[in-house]
Every structure is written in structure tokens, then in C-alpha cells.
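Right, one structure below, let's go through it.
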Amino acid sequence: MISSSSKKGLLPAGLSDILYPDARIQAKTTENLLDVFSNYGYMRVKPPLVEYEDSLLSDGPGAVLKDSTFRIMDPLSQRMMALRSDVTAQISRIASTRLSHLPRPLRLSYSGDVLRVKGDSFNSERQKTQVGAELIGPKSELIDSEIILVCSQSLKSINIRNITVDLNLPFLRDLFLDGIENSLKEKINEAIDRKDSQTLKKLKFNNLDIILKFMECTGNYENGIKKLSELKLDGILLEAREYLLKVINIIKENDSSINISIDPLENRGFKYHTGLTFTIFSEMFKGEIVKGGSYNTLSGETATGCTIYTEKFHNSSVSYNQNDLVYMPYLNMMEADKVIKKGFSVVFGSELNNNSDKEATELKCKYIWKNNTIVKLKY
């Protein structure tokens, strides 16, 4: 039987307390990532956690987030409100309204928690902390490349290595499957997701041949580029290929350490994107750690953004050194400040304590303050 105190500690599925040291790691990670974005001219903004439903879930990125969003009633206005499930929709609103007067390209960065109705296959958590950046301006391979390169730099700042960027053109799938009945389209999409060319060949539909050819281009960019370049394309397909190749060249010219793969028809996780998209992986983690790509804002402008999933980094090799603790048996802010300026952290003792060394040990201190001197504890 569960005790009353245990019941009070229960949390809803997909929600959890982040405790020390994970909470500290997350905070430090967030600030490091944002500092890198700031170094490249991205201005930090902080949208609210809750907005009116008809604003947050209107045109632009918010329009496709309705199924993943919690709603509540505002007791003041008696209007329905929504808890954000993705910060990008709010950045779209800010860029289209309050910052519409600023010159383009407009660079914005952000961090904040989001709440979703359910988790995903890689992460069952429903509350996530997003850190990201958005570049709003004319559609350009330079803009797409900048976001990828700056995002990669931010990951390196928190010691994430062996980065692979997977580049996609998910709008091609919509183009190829336009006009196909839903039941058949569902089978085709499942086969493409599984990279199951044998099943696809058994299905009769227009554009089968070109879909198979694009699927063959999936994988390491060197092999993928070769196969992609051999395709005889025209119109929008030719433009899409050349655009992708230019982005790849810009990335490799600026950072040869980034591994690149291509998967032209991948569209999972890209609900509101309209152009080139990308997913970033690292050998240090299971599943994706970043998603991003091009989309249209609330006002119809082109934007490219990235979202970093910082919850991946809680229990990992991403760590930050904690200053050694010095136990100070009494409360004295001036003396504590002297110790802190020497590169230590301070914890004060309790008045009721009669054994300073014992309490210092219990509080995980390596040193104790005695006679105006930092003394190493003997365990």
C-alpha cells in the first residue's frame, strides 16, 4: 500500500523532477549554447509559457501543433489559452509582429520549457527544455548553412563531438504523392520510412521510379552526391538538388569536421517545414539531438531555425566542474566572499553543530575554514 507521503511525490507520466547535479548541468548547458548564438549576432528573446489559443495555434508553425498542445481556460478573460508545445511558433509570432520593423535577416535565439500531450519514440518526457535559434530573411543556401554551422559550434562548446548532420528535402515527398488516395499514400509513406524499396515496387502509382532513385541517394554524402548528381532532373527537382549541393559545399568549406549524410525524402518530425531540413546526431547520444529547417512565419516570411533538445545532456559526459566546497563553521559573508574570490564555493555550518569536521564531511566539503585559512579536511 502506498503511503500518503509517497502519493504526494508522484508525478504525471512524462514529467519528472530534475535534481542536482542534472539541474545545474542543464542550466550551464543552456547558457553555453546561448552564448555561442550571441557571439554570432543572435538576439535573445523570452516568450511567455502560455498564450491565447487562437494566437499560438494560428497560421505558420503553430497551425500544425494543435494535437500536441494542452489547453486551459483563462479565468480573467474567459478565453481559451494554450501551453506552448514548441517555441518556434512564438518566435514566428514575435518576428511577424513586435519585431516586424527590424531589418532582415533577423537573428533570434531563445530557451524555455515546452509541454506536450505525449512524448515521442526516443524520449517519453512530455516537458522538455528547448534551446534554439531562428534566422528570418530571404530564402538562401547561405542562411540554411549558417544555422547548421552555428548550431554545430554551439554543440562543440559543450564538448559534443562526432557530429553528423542529416540533410533532407521533405517537401519532395508531398510533391511526388500529390493526388494519390490516402490508403495508398499511407502504404507508400510506410515503405519510404522503412527504406523498403521491394514493397514500393509492388505498389502501382505515378512517380514510383523517381522516388526509388531518390531513395538510392540516401546515406553518406559522398556516395549520395554522386548518385544524386547522376539523376536527370528539371524544374523544381533540379532546383532542389542544386540547392542541397550548395548547402553541403558551404558546410564542408567552413567545417570539415562535420559528417554529412543525406536522406532526401525523410519527413518525420518536420510538420511545418517547407524547405531544406536537417537533423543532427552525435555518437555520444541515442537518437537526434537537434532538428531544424526552413519554414514560413506567421506573416509568410521565410525562416530557418534549429531546436536543441537539452534533456539529452542530463546524464551524459557533458559536465561542468563544481568549485571545491569550503566549510565555514559560522555565518560571515565578508569572510565567505574572500574564499569565493579564491575560486571556491562556501557552505555555512549550523549553529547546533558541535563537530565541524564531521558536518563538513557530511556536506561533501573538501576543505574547512579555520583561523582565517582554508585547510584541507582529513578523511
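Taking this note's numbering, the leading residue of the sequence shown gets 784, the next gets one more, and so forth.
We put the CB at the ideal spot given by N, CA and C, even for glycine.
The beta strand (DSSP E) with GLN1105 in it runs from where to where? By one-based count along the sequence shown, residue 1105 stands at place 322. Taken as a continuous stretch (DSSP letters only), GLN1105 belongs to no beta strand (DSSP E), as it is neither H nor E.
Nearest to GLY893 by alpha carbon, out of ILE1123, THR1144, LYS1147, THR1093? Counted from its first residue, the sequence shown places residue 893 at position 110. This sequence places Tyr at residue 893; Gly is not what is there. Ranking the options by Cα distance to TYR893, first place goes to THR1093.
The region 1056-1074 / the region 946-957 touching (three or more Cβ pairs under 8 Å): yes
Hey, out of LEU952, ASN951, ASN972, whose CA is closest to LEU960's CA? Position 177 of the sequence shown, counting from 1, holds the residue named residue 960. The shortest Cα separation from LEU960 among LEU952, ASN951, ASN972 belongs to ASN972.
Kindly identify the DSSP beta-bridge partner or partners of ASP1046. Translated into the one-based positions of the sequence shown, residue 1046 becomes position 263. Looking at the DSSP assignment, ASP1046 forms no beta bridge with any residue, so it has no partner.
Could you give the C-beta distance for THR1057 and TYR1078, rounded to a whole number, given that I count them as a contact under 8 Å? Residue 1057 sits at position 274 when you count from the first residue of the sequence shown. Residue 1078 sits at position 295 when you count from the first residue of the sequence shown. Indeed they touch by this definition, with Cβ atoms about 5 Å apart.
Contact check, SER868 vs VAL897, beta carbons under 7 Å: The residue you call residue 868 lines up with position 85 of the sequence shown. The residue you call residue 897 lines up with position 114 of the sequence shown. Yes. Within cutoff.
Residue closest to GLY843, alpha-carbon to alpha-carbon, out of ALA872, ASP837, GLU836: As a position in the sequence shown, residue 843 is number 60, starting the count at 1. With distances taken between Cα atoms, GLY843 lies closest to ALA872.
Is any non-hydrogen atom of the ligand NAD found closer than 6 Å to the C-beta of ILE1034, if you look at the structure I gave you? Ligands in the displayed structure: none, and consequently the ligand NAD is not present.
How do the region 1031-1038 and the region 914-934 stand: do at least 3 beta-carbon pairs fall below 8 Å, yes or no? yes
Sequence-distant residues of the same chain with beta carbon closer than 6 Å to LYS1029, five excluded per side: Start at 1 with the first residue of the sequence shown, and residue 1029 comes out as number 246. Answer for LYS1029: GLU924, listed in chain order.
Any contact between the region 1139-1155 and the region 1103-1113? By contact I mean 3 or more CB pairs, one from each, below 8 Å. yes
Per-residue DSSP class, three states only, for ARG962: By 1-based counting over the sequence shown, the position of residue 962 is 179. It should be pointed out that residue 962 corresponds to Gly in this sequence rather than to Arg. Residue state, collapsed to three classes: coil.
Please state if the CB of SER875 and the CB of LEU1014 are separated by a distance shorter than 7 Å. Stepping through the sequence shown from its first residue, residue 1014 is reached at position 231. Stepping through the sequence shown from its first residue, residue 875 is reached at position 92. No, Cβ-Cβ distance for LEU1014 and SER875 is not below 7 Å.
Could you give the uninterrupted runs of the alpha helix (DSSP H) lying entirely in the region 1003-1074, keeping only those of 4 residues or more? 1004-1013, 1018-1037
Could you check which residue in GLY1052, PHE1096, ASP1120, SER1133 has the C-alpha nearest to that of ASN951? Residue numbering aside, residue 951 sits at position 168 when the sequence shown is read from its first letter. Comparing Cα positions, the closest option is GLY1052.
With a Cβ-Cβ cutoff of 7 Å, do GLU908 and GLY1070 count as a contact? For the purposes of this step, residue 908 is taken as residue 125 along the sequence shown, with counting starting at 1. For the purposes of this step, residue 1070 is taken as residue 287 along the sequence shown, with counting starting at 1. Going by C-beta atoms, GLU908 is not nearer than 7 Å to GLY1070.
Rounded C-alpha distance that separates THR1085 from ARG881: As a working note, residue 1085 is residue 302 in the sequence shown. As a working note, residue 881 is residue 98 in the sequence shown. One C-alpha to the other measures close to 17 Å.
Cβ pair ARG956, LEU1048 closer than 7 Å: The count along the sequence shown starts at 1 and reaches residue 956 at position 173. The count along the sequence shown starts at 1 and reaches residue 1048 at position 265. Closer than 7 Å, so yes.
State the Cα-Cα distance for the pair ASN1138 and GLN1105, rounded to the nearest angstrom. Start at 1 with the first residue of the sequence shown, and residue 1138 comes out as number 355. Start at 1 with the first residue of the sequence shown, and residue 1105 comes out as number 322. About 25 Å.
Supposed close pair LEU839, ARG827 - CB separation, criterion 8 Å: Start at 1 with the first residue of the sequence shown, and residue 839 comes out as number 56. Start at 1 with the first residue of the sequence shown, and residue 827 comes out as number 44. With a Cβ gap of about 20 Å, LEU839 and ARG827 do not count as contacting.
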